[in-house]
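To start, the structure itself, in structure tokens.
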Amino acid sequence: MEKRALISVSDKTGIVEFAKELTAHFGYTILSTGGTAKLLAEKGIPVTEVSDYTGFPEMMDGRVKTLHPKIHGGLLSLRSNEQHMAQAKEHGIGMIDLVVVNLYPFEATVAKPNCTLEDAIENIDIGGPSMLRSAAKNHASVTVVCDNNDFPKVLDAMRQGGEVLQDLRKKLALKVYQRTSAYDAAISTYLNAKYNGEGTLPETLNIGMGMVQKMRYGENPHQSAALYGDFGKFFRQLQGKELSYNNIIDISAATWLIAEFEKPTLAILKHTNPCGVASCDNLVDAWNQAFETDKQAPFGGIIVMNRKLEADLAQIIAGIFSEVIIAPDFSDEALEILAKKKNLRLMISTYKKSDALQFKSVIGGLLAQSADAIEELKDNMEVVTKRQPTEEEWRAMLFGWKVVKHVKSNAIVYAGCERTLGIGAGQMSRVDSSQIAVWKAEQAGLSLKGSVVASDAFFPFADGLVAAAKAGATAAIQPGGSVRDAEVIEAANENNMAMVFTKVRHFRH
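The following block contains the structure:
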């Protein structure tokens, strides 16, 4: 029986060599379309145009070319079913035994900054997914290839035949449905953003993310894990050990935090919580102030900055054991200094603030929410005390408010002028978080006299604010909204504190 292969690809990498093997060593007849058929013919490979095979011309600018019974009948016919084979013979439908299709580059097209809606729609493949799905459904008889990287595997399995080829067909069929699912998800996500607005929650959540890499393990050695999606679109690793599951979580937390700041800023994080953050005219001063906040917790932590890492700072932080350093760039001299620490992971980040949806897994599903990217302006905040904040207190409060947004709740941050002084994270009581922040400052030898306190959610009672005043804070910034706001405001007034309500909460569960 004649063996047919249908080849129609957008990415033509390796296709000529593959087609030559099919015809020269396995006796296949090649069916093809458009640019693929032209390329194969130019390379001297015998090829039949699909339109000649079906007797039906390509039309509508190529939108209709492979949607034909002679194509899908040849893919879907059950070879062991006498009725199927009789119907195929009656209608002149030949069997197609191998399909090579990779889809129109929809994802790459919409990633271009100048992509129009019309461009995106024209790059939605119809015939390709249809052929792939038909071939994958009938993988007991049809070999289906949607990834050019699989060409060597396919040729090797065809040489061996039997169970080897059958096992590969199963894996290739599964890969097809994973690919078409991801392709449809990309289209759905794009159109939802275009028609309903960026960050809009879709009626049906389609997450089509390919595996980037398998991790050595998850949060703990007994847990398996893998990375999916476009992490590599925003980060490039320059040196160091392979990233772990926990590294990637920490890197994301650090990058979200540093994206809040425009002035030269450096932050040190541990287990996604900031240990110290500072904004200065240069990164060396920022490091000194951030590190001064907590000199113990940064051991084995993450260092992130929003300016190029130069040799002077690299020389300083080379003396600290860190897991990861993240920067938009590294000087050659800095790389040379840090190269001595072979396990230290150096990451270049190109991430900017985004409105993309955020997800968390729960039992039986996923929670989705819009990004916590609300623009907060000083003019929209309300001074609720008798005393107005000084200009220096305003600067400290706005800085502390940016930091506390990225501290696990209950979160308290004591800040000076664009630097942290004490951070309390993740406690069951807001008073406990405040006490930890005060203790941290004391351990670091930092005075909280004249500091400001930032709270991610409202003070439910006046005691938290009174404790802050006793610690030395002269101003507070918080969302407000408690039924006891009046009591808290009165306590602030009694302690001559200035207090600002942001009217926005940044709870971080």
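Numbering (this note's numbering), first residue to last: 119 to 627. Note that CB positions come from ideal geometry on N, CA and C, so glycine has one too.
Alpha-carbon spacing of residue i relative to residue j, whole angstroms
i	j	result
V165	A253	20 Å
N614	V556	20 Å
L221	P247	7 Å
D268	E135	13 Å
S195	M203	7 Å
K161	P382	56 Å
V618	R537	19 Å
F439	F409	13 Å
K459	E511	40 Å
E608	P392	31 Å
A543	A371	14 Å
R251	Y295	7 Å
S527	D550	11 Å
K121	D243	26 Å
N266	M276	16 Å
H143	Q278	13 Å
Y146	A343	41 Å
V218	S126	6 Å
Y363	K332	10 Å
A591	G437	33 Å
K588	A594	13 Å
I443	L566	29 Å
K188	L216	14 Å
A415	I239	51 Å
G598	F517	18 Å
M715	G347	This structure does not reach residue 715, given that the chain is present from 119 up to 627, and the question cannot be answered.
Q284	Q201	24 Å
Three-state secondary structure assigned by DSSP to residue i
i	result
Y363	helix
Q284	helix
S551	helix
I125	strand
Q596	strand
A533	strand
G518	helix
M249	helix
G212	coil
F477	strand
G162	coil
E225	helix
I541	strand
V556	helix
S569	coil
S397	strand
V501	strand
S432	Looking at the sequence shown, residue 432 is not Ser but Ala. Three-state DSSP puts A432 in a helix.
S562	With the sequence shown as reference, residue 562 is identified as Ala, and Ser is not the correct amino acid for it. A562 falls in the coil class under three-state DSSP.
A616	strand
S440	strand
A142	helix
Whether residue i touches residue j by CB criterion (8 Å)
i	j	result
A432	A404	no
M515	V570	yes
G358	L462	yes
F349	I366	yes
K272	I214	In the sequence as displayed, the identity of residue 272 is Val instead of Lys. Not a contact, by the Cβ cut-off of 8 Å.
S573	I530	yes
A474	G326	no
K130	L149	no
W519	T620	yes
L185	G132	no
F576	L583	no
K523	H627	no
A580	V606	yes
F448	L356	yes
L193	N256	yes
T629	F352	As displayed, the chain neither begins before 119 nor continues past 627, which places residue 629 out of reach and without an answer.
Cross-strand partners of residue i (DSSP beta bridge)
i	result
S195	Note: S195 sits in no beta bridge, so no partner.
I466	R354 and A445
L309	In the DSSP output, where bridge partners are listed per residue, L309 has none listed.
L392	Leu is not the amino acid found at residue 392; the sequence shown has Pro there. Answer is L387, bridged to P392.
M329	Y346
M423	L384
D587	Note on residue identity: the sequence assigns Ala, not Asp, to residue 587. The partner list for A587 (beta bridge, DSSP) is empty, contrary to what the question assumes.
Q487	Q476
I148	A123
T261	L216
E167	S150
Three or more beta-carbon pairs under 8 Å between the segment 297-304 and the segment 156-165, yes or no?
no
Is there contact here, the segment 479-498 with the segment 385-394, by at least three beta-carbon pairs under 8 Å?
no
Could you tell me whether the segment 221-237 touches the segment 282-290, using the rule of 3 or more Cβ pairs below 8 Å?
no
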